[in-house]
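FYI, our numbering numbers position 8 of the sequence shown as 49, with every residue one higher than the one before it. Where a beta carbon is used, it is the ideal one built from N, C-alpha and C, also for glycine. First comes the structure, then the notes that go with it.
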Amino acid sequence: MNDTRTSATAITLTAGETTVTGSNTNATFDGPAPGCGGATNPLNVWYRVTLSTQEILYADTAGSGFDTRLYLVNSSGALVANSCNDDAGCSTGGFTQTLQSRFAVVVPAGTYYIAVGGYNANSGNFTLHVQHVPTNYGSYFYSTAISGTATTATTSLVGTGVRTPSCTVGPSGEDTRWFVTCGGNGNSTFSLCQSDGATYTRRIGTTNYDPAIYVYSGSSGTQVQCNDDGGSSFNCRGTGTGADTANYGSRISAAIPRGLNMIVVDERTQARGMQYTMRHIIQP
């Protein structure tokens, strides 16, 4: 029934992950030419999603029974850049073989079509998982995904707060950065602590800052990790004029769910202005 893009099956997205099952057995290929990943025939079937605002859109075929291929096209049928994926390379978090596929892209509001096919005309039964997070989840959004191990450039919280951390209060503007994981038992780390190579400014003039960080999961549609104070095991003291010696810096080290996630840097009591660098170590 959904062998062509014009007959795509509509998916109604929820706050968390949406899952559908299907098959591309006896499917055909209907573009876009030369196809995702070259000229091989992906025997694709189609699903349609509609977004009301700019979002990060993620899809994977974790748990599917053959070598899948995924890609996304817009309402005109043009391939969305960076959406073509053959092998996600994951083997945990619901991925049962590295040949299953995933993509994650930032796209404006509109209607999009997800093509599920097979590498080199592979076919069979598949499971499609779709997640999404609006880019206005916090007050400031960084559009480039973060990955691996790195430290952000020094920045300051701006804007008016729209979210509250689940572990504390939080009226400030929020910085939001997104990332993708395979899921599994390996811990990813996000830190504002000096002992991890990060910093935050405890005091500017007479204003004291007290950060919080949290992870929002596209899989559950909820905050899954939240930390206010990093604790005595780490040097999480701030910098700045008259900075005190308390470990008010924030630190998360935990297993992160499969799929699309967002790390949010927030502040407990001040509206804006806290300066920081964040260290992240993301398990793929």
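Query, Result
"At least three beta-carbon pairs within less than 8 Å, the region 182 to 202 to the region 263 to 273", "no"
"Extent of the continuous beta strand (DSSP E) to which Tyr183 belongs", "181 to 183"
"Three-state secondary structure (DSSP) of Thr47", "helix"
"Coil, strand or helix - Gln235 by DSSP", "helix"
"Check whether Gly291 and Gly271 have beta carbons under 8 Å apart", "Position check: residue 291 holds Ser in this sequence, whereas Gly was assumed. Their beta carbons are under 8 Å apart, which means Ser291 touches Gly271 by this criterion."
"Closest Cα partner of Gly165 within the set Phe107, Phe136, Cys125, Leu140", "Phe107"
"Residue span of the beta strand (DSSP E) that contains Gln324, given as start and end", "Counting along the chain, Gln324 falls outside any beta strand (DSSP E), and DSSP gives it neither H nor E."
"Residues bridged to Thr152 (per DSSP)", "Thr91"
"Beta strand (DSSP E) runs contained entirely in the region 226 to 272, provided each spans 3 or more residues", "228 to 232, 240 to 245, 252 to 258, 263 to 268"
"Asp307, enclosing beta strand (DSSP E) - first and last residue", "300 to 308"
"Segment contact, 8 Å Cβ cut-off, at least three pairs: the region 111 to 120 with the region 202 to 210", "no"
"One or two residues paired with Val221 in a DSSP bridge", "Leu301"
"Backbone secondary structure at Asn115 - three-state DSSP", "coil"
"For Ile293, the first and last residue of its enclosing beta strand (DSSP E)", "292 to 296"
"Whether Thr190 touches Ile304 by CB criterion (8 Å)", "no"
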